[in-house]
Structure formats: structure tokens, C-alpha cells
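J.:
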Amino acid sequence: MSLDVPTRPPSTPPAPPAAPRRRGRRALSGWLYATPTAVFVVALFVAPLGLVLVMSAARWPLLSGFRGWNFPDNYAKAVDNRFFLDSVVFTVKYTVLATVLLIGLGLGLALLVQESTRWKGLLRTSILVPSALGLASASLLFYVLYSPLAGPLSPLMAELGATFLGTPNAALWSTLFLIVWRYAGFYMLLMLVGLQGIPVEVYEAARMDGASRWQLFRHVTLPLLRPTLALTTVLCVTGSLLAFEQFYILTKGGPDNSTISVVQLVYSVAFQGQNDLGVAAALSVLVLGALVLVNVLQLRAFRRPEEGT
Amino acid sequence: MRGVRGRSARSRAAAGAVAALLLAVSACGGGGAAPGGGEVAQVGPDGVDDGATLTLWARDSLETQTNLLVDAYNATHQNKIEVTIVPNDDYVAKVGAAAGAGGLPDLFAADIVYVPNWAEQGLFQDLTANIDGLPFKDTLNKGHMSAGTLDGSSYVLPFVLDLSMLFWNKTLFAEAGLDPEKAPATLEEFADAAKKIQALGKPDTYGTATGLNCGGCLVFTWFPSMWAAGEQVMNPEGTESLLASDTATEVYDTWRDLWASGAVLPSSQDEAGPTWTAGFNSGKVGLQPYPATLLASVQQTVDVGVAGIPGPGGGASTFVGGDGIGVSKDSTKAAQAWNFLAWLMTEDAQVEVLAKNNDVVSRSDLATNRYATSDPRLVTINEVAAEGVTPVARNFQQAFNAPTGPWLTLVREAVLGPGTALEQNNEEITAVLGQ
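Given below as C-alpha cells:
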């Protein structure tokens, strides 16, 4: 952002008459250029963030608004919530599984559609199409697919005597399946961009030195794909830690409160019963802190060794 | 090397931007505080009908009734009402956000079990003086009126009553050798009938169904069994749970036995609410405690009988649910809004709209209207309504309706789980109620 333009007020007494006026005009136009961005950043990011911080330090029931300060209480209540630990453990478990699956599958699919030539276009498109669907719509689609009452798979479920969302593990894997279906194409695309950014000459040189396929992948593709892997992992981990729609729609935290993600806990504290925006905001701030920490650590880990010094 | 390093820096910037965006999204949600609201203007018993445009919110469970009522009102009045129907699950969030931001509609309906809390939070304007002016005040549904009264002031009127009744499929009853014209008189007979229908062995047909992952459904359909046997579910203040009583245990055991014997629709186990009535509606379920507001639609597909919900050893009761309606604290057209509420209580609205649609009327003096008497099922519903209960507790939503609430934990443990932690789970409900 270019906010560090000199900002001398135009009324300053002019020493040589021409120069300051020009500088003043330049400063003004600099401010004008920066204003739209600044307005958006303040209105859409700084103001809501400030509001959440205020809420988290205040007694703030959903239906009646600000009711005085109570600083550490909300944080204590947030941590004492009977689902806090369960939801953290579940969210981390879900994040690890989703990230491994999506990054692995994304890379695999990218290598696949990069290699094959004949069906490349069709293959890429068909893997990418689910990404055009909103996550909430996709969740609703799978809600019907998984429904033992109305779903097309209900005869199968009746035969097996099991349902897709009936047990904690089944619910977790059914949700993961939805996420993989929805996002694999997106991560494939990111990987594909990364792969195509690797110069062909490097491969040629390696091949001339007699590198095998595996060696090519291990010592050329992976190191040169590092920035892409960093981006996709950060995206995937951040997205998974903030998982909400899929669980809100598919499982509602069930069965038996086994699939409550942290953001879902925030929602349920705010809107489903306690109706306490203060505690919900405190939870949000904790999630925010954890996310910043995780992202910093991730970017550190992906930095090249020689860059680290 | 340079190229790689440059790309890495760029992707880090991109990742940072994405993270910032996500943070901004997670940081959203809220609104300012705007307490206030005023007295409904004193403008005569019928309010003002001057062509004002009013807004009204209701949840989708009562969409049919809301639209019928508003269409009838708009057709006969100069005031015009614009309806917004909100999905059931999002209603509290929407009302909460609007209340914080001072953006509530002129009129809004509220699940009657939430009304005590919402009235206490000041979401409704005080209607005591207006309601006192109604000549038929004493005939208004007692359960709804007491839920909407706080410290002697009244805030809501009954909008639509929704009673839980035992519905049975007469065709399936006949096939199973049961008397299709006679309702099970006890919870034991109910279980027996469900098992007999299950024993028919018809494909995709089950004895009964419920929503074992839907706290609201279970409150609505199982509490009446306890009331029918003379038991209470909470203390009168609504701060202590009595759901580990012998009667309550009998109710859970009956369902536990039904579930174990395979007489319950299997999808009931995970049913969180959206399709808990679908099995009966499509004729695949023998008998089920069911919302009476759905009688009009269910009788198009099923030959249905209606009775009160029996308890262990007999009796009959019902949960007098549904929605109350009031004038919001943010309304500047309270006099016009009262005009709608006053009309809502008239014979024109109660009989010619609600009763005509096979719904229960909110005024006991209109219970034996011409539509009700033409259908014996409606007479039954109106009779049982007088014995029904509307439970009142400030933390009702958190204890019973919330998907993560202790009541669901209790029922699932008692019916699907080992069934050994009843006392402990009951204390958990008391802890939430007492907060």
C-alpha cells in the first residue's frame, strides 16, 4: 500500500512557489489512489476484527448486545466449554486427514493429467467440475445421497445394515469423501500450474545424467514444486481448520456430538442455545491466534534451507 | 535459483492474502446494540388500517398457515404485509442478528418455547393494554399466553398452535389385524401396534418412526407421554429437570425395546429433523406422534386417524407448541401491526382461515366451529388441546433444542446406548436449565 507519500498540508507557506504545490497535488492523488483499498480494508477487515476483539472482552448476549466489560471471563468460559477439547481434537484430526488426502490426490491427479495426452482435456475438466459447485450446495447434494430415507443409495444401506452418517467414523469419512470430491480438482489445478512452471531443461539434464523416473520425481519435481506445495498446504490446512458448512449441513455435529468442528462450536455457542456472542467471539479469537501460528510455522517449514539463514 | 526464490516469495504473499481473507470472514458476524422499543400506541381496540406496509417473519414449519393468514388479511385490509419465511434452523440466528442491529421486522413469530427468553431480552413491545381490551381475552390459549407473560405484562398472542398428536395409518392398521378406528390407549398398546405392523414384513414399511437426533422432535413427541401419566418434565420454574423419573424411564425403555426389535424406521437413528415426518407421510410408517399442523397435507396421501399421545398405563396429552407472535421492539408502525394481531384473533381469521385449513383455533370459544365439527379428528385435537402443556423455561433452547444439547445426549444414551447414565445426563440438563 502506498500510504507513505509525503503529506505536508497544502497551506504551508510557499518558499519557491511552484514545487510544493506540485508535491501537494501528488500527495493528494496518492491518497486518492490508496483510498478505495484502504476503505475496503478498514470496512471489511479491521472493523470486524476490532468488533470481535471488543465482543470477546465483553458480556454480549445475542439478543441484547453490549452489557459491560468482563475481560478474561469469556476466554475462561470458552476453554471450559464441554465440547472445547473434543472439537479441537476432532478439527486437528480432520485437518490432517483432509490435507494428506487432498495434497496427495491433487499431486497424483496433476501428474496423471499432465502425462496422458489423448483424454487430457476431458479428464481435467471432469475432475475440475465439482469445484464449480458451492460447498453448501455440494453438502446438500451429499446430504440427499447419504440419506437412508430419500437417497438413491438407501437400498444398499439397508442391505449392509449401515448408514453413511450413522457412526462417528462413518460420518468423518463420508464428510472427507465429499471434501475430496469437491476440492481434488482445485488442488490438481494448483499443482498443475506448479508443475508447468518447472523448466523442461532441468528434466532433460537429469535424464541425460541417467536419473530414473523416481529420482526425477524425488530430486527434481518435488524440490522445484516446493512453493506450490507451501501454498496448497497453507490453503488446505487453513480451510480445514475453519471447516463449517460440511459439518453444519451433513452431520450437525452428530452422531453423539462426535463431529463438532471448532467453527461449528463457535456457531452453536452464538446461535444455538447459549446465544452468547461474547464467548463465541473469544473462541473465534483463539482460533484466529492458532491459525496465525500454524501459518507462520508452515511457511517457516517450507522455506528453503539456505533462505532460512 | 532466482526464479524459484521469486516464485516462493510470491506464493507466500498469496498465501498470506488468502489467510487474511479467511480471517476476515471468520471475524465477521455481529452487530451493534440497540436496546429500546416503545409502547404500542393507544389507538383504539383495532389499531390503525391506513395502507401501511408491514414486514413479518415466520419460520418455514408454519409457512402454509402464515401465507394463508397474510393473504386473507391483505385481501381485506389497506395495510399490506410482506412475509419473509426463514428456514427453521436459521431462525434464531437471523432474529438474533437483527435484534442486535435494530433491524427486526414489524411483526415476528417465535417458537413458543423461546418466547419467555425473548420477551425477557426485550425483543417484543408490551401489548398488555391492547390484549386487555379484547373481549374474548380469557378464551385465548392458556399455554401460549402464560409463555408470553412476564411479570404481569403480556408480549405475544398465539399465532398458530401446533399440537403433537398420535397419528395412525388406518390402512396399515387394518392389514395388521388391528381396529383401524381405535387408537392405542396406552404406550404399551402403541408399542404393540408398532410391532404388529412391523410383523407384516412389508418392504420398506415400519411400525413407527421418530427423530433420534432431533431434540425438538423428541421434546414435542415424548414429553406428552410423561404428562399423560401425570408426571412433570421440569419444576414449575423451569430450572430443574425431572427427566429421570420412573415414568420417563418407562418411555425411554418402550422406545429402546421398539428400536431393538427393529420396529422403528432405521433412518430415525440419525434423523436431525428435516425428514422426520416423511416416512409416515408417504405411507410407510404405521403410527407416530406427529405435528397436528400437518394433518391437512398428510391426509392427501394417507387414511389417517388422530388421537392424543398416550402415556405408560394410559391417559392422553399433547405438547401445545407452535408460534406466538408479537410486535418487535424495532417497529415504528406498532398501531398498524396491532391491527393485524387484533384481526388474527377474530372469528374471520380463526375459523375462516385456520379452522378451514384443519388447524386448531387459538380461542377456546371457537373450538366447536363448523369446520371442526365436520371432522371428528379435529374435535379430538381441540379436546386434547385443553389438556396439553406448554413447558416454560428460560434456557429451553439450549437444554432441549440445541443439536449439542444435553437432552439429545440423554435420549440417545437411554435408547441407543447402554442406558446406564440416565441420572447423570438428567443432572446435566438441570445444570443447563439453571444457568
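First to last, the sequence lines map onto chains A and B. Numbering of the first sequence is given in this note's numbering, commencing with residue 7 and proceeding in unit increments. Numbering of the second sequence is given in this note's numbering, commencing with residue 2 and proceeding in unit increments. Glycine included, C-beta positions come from ideal geometry on N, C-alpha and C.
1. Skipping 5 residues on each side, what residues in its chain have a beta carbon closer than 8 Å to that of L241(B)?
2. Determine, using beta carbons only, whether F89(A) comes closer than 8 Å to chain B.
3. Between the stretch 85–106 of chain B and chain A, which residues of the former have CB atoms less than 7 Å from a CB of the latter, in chain order?
4. Are I255(A) and S160(A) touching if we call contact CB-CB under 8 Å?
5. Would you mind reading off the limits of the beta strand (DSSP E) that contains I326(B)?
6. Using CA atoms only, rank isn't needed, just tell me which of L59(A), L196(A), L297(A) is closest to V285(A).
7. Answer yes or no: does any C-beta atom of chain A fall closer than 8 Å to that of G212(B)?
8. Let's test the definition: count the other Cβ atoms within 10 Å of the Cβ of T244(A) and tell me whether it reaches 16, buried, or not, exposed.
9. In chain order, what residues of the same chain have a beta carbon less than 7 Å from the beta carbon of W75(A), not counting five sequence neighbours either side?
10. Evaluate N68(B) with the Cβ neighbour count: other Cβ atoms within 10 Å of its Cβ, from every protein chain shown; 16 or more gives buried, anything less gives exposed.
11. Closer than 8 Å, Cβ to any Cβ of chain A: which residues of the stretch 275–286 of chain B, in chain order?
12. In chain order, which continuous runs of the alpha helix (DSSP H) of length 4 or greater are located wholly inside the stretch 94–134 of chain B?
13. Scan the stretch 325–344 of chain B for residues whose Cβ lies nearer than 9 Å to a Cβ of chain A and list them as they occur along the chain.
14. Roughly how many whole angstroms lie between the Cα atoms of F224(B) and P290(B)?
15. Please list the partners that L124(B) has in chain A, where partner means a Cβ-to-Cβ separation under 8 Å.
16. Taking C-beta to C-beta, are G316(B) and T248(B) nearer than 8 Å?
17. Taking the beta strand (DSSP E) that M166(B) falls in, what are its first and last residues?
18. When the Cα of Y81(A) is compared with those of Q120(A), R29(A), G295(A), V106(A), which residue comes out closest?
19. Does V119(A) come out as helix, strand or coil in the three-state DSSP assignment?
20. Among D90(B), E384(B), D304(B), P117(B), which has the Cα closest to the Cα of I326(B)?
21. Suppose you measure from the CA of A368(B) to the CA of L355(B); what does that come to, to the nearest Å?
22. What do you reckon, are the CB atoms on F320(B) and G389(B) nearer than 8 Å?
23. Within 8 Å of any Cβ in chain A, is that where the Cβ of T421(B) sits?
24. Please confirm whether A14(B) has its beta-carbon closer than 8 Å to some beta-carbon of chain A.
25. Could you check whether the Cβ of I185(A) sits closer than 8 Å to any Cβ belonging to chain B?
26. Just list the residues that DSSP pairs I82(B) with in beta bridges.
27. Tell me, to the nearest whole angstrom, how far the beta carbon of N131(B) is from that of W339(B); I am working on the premise that it is less than 8 Å.
28. Touching or not, the stretch 285–301 of chain B and the stretch 197–214 of chain B, by the rule of three or more beta carbon pairs under 8 Å?
29. Does any C-beta atom of chain A lie closer than 8 Å to the C-beta of P404(B)?
30. Are any of the Cβ atoms in chain B nearer than 8 Å to that of K258(A)?
31. Report the partner residues of Q289(B) according to the DSSP bridge assignment.
32. Candidates R88(A), F308(A), F253(A), R29(A): which alpha carbon is nearest A178(A)'s?
33. Return the bridge partner residues of R364(B) from the DSSP annotation.
34. Compute the beta-carbon to beta-carbon distance between V366(B) and F137(B), rounded to the nearest angstrom, for a pair I have assumed lies under 8 Å.
35. Relative to chain A, which residues along the stretch 246–276 of chain B have a C-beta separation below 7 Å, given in chain order?
36. Figure out for me which residue from I185(A), I109(A), I266(A), K126(A) has the closest Cα to the Cα of L141(A).
T.: Answer, in terms of the structure:
1. Per the sequence shown, residue 241(B) should be read as Glu rather than Leu. Same-chain partners within the cutoff: M235, T431, L434, G435.
2. yes
3. V93, A94, G97, A100, G101
4. No. Outside cutoff.
5. Unbroken beta strand (DSSP E) run through I326(B): 321–328.
6. L59(A)
7. no
8. buried
9. A63, A64
10. Classification of N68(B): exposed, given that the 10 Å Cβ count is below 16.
11. T276, A279, G280
12. 116–121, 129–133
13. none
14. Going from the Cα of F224(B) to the Cα of P290(B) covers about 11 Å.
15. L69
16. no
17. Its beta strand (DSSP E) spans residues 158–170.
18. G295(A)
19. In the structure shown, V119(A) adopts helical secondary structure according to DSSP, grouped into three states.
20. P117(B)
21. 11 Å
22. yes
23. no
24. In this prediction, A14(B) scores a pLDDT of 42, lower than 50, which makes its location untrustworthy; no coordinate-derived value is stated.
25. no
26. L55(B)
27. 6 Å
28. Touching, yes.
29. yes
30. yes
31. F168(B)
32. According to the sequence displayed, residue 178(A) carries Leu and not Ala. Here the closest residue by C-alpha is F253(A).
33. L141(B), per the DSSP bridge assignment.
34. Sequence inspection shows Asp at residue 366(B); the Val mentioned does not correspond to that position. The pair is a contact, with the Cβ atoms about 6 Å apart (cut-off 8 Å).
35. P267, S268, Q270, D271, A273, T276
36. I185(A)
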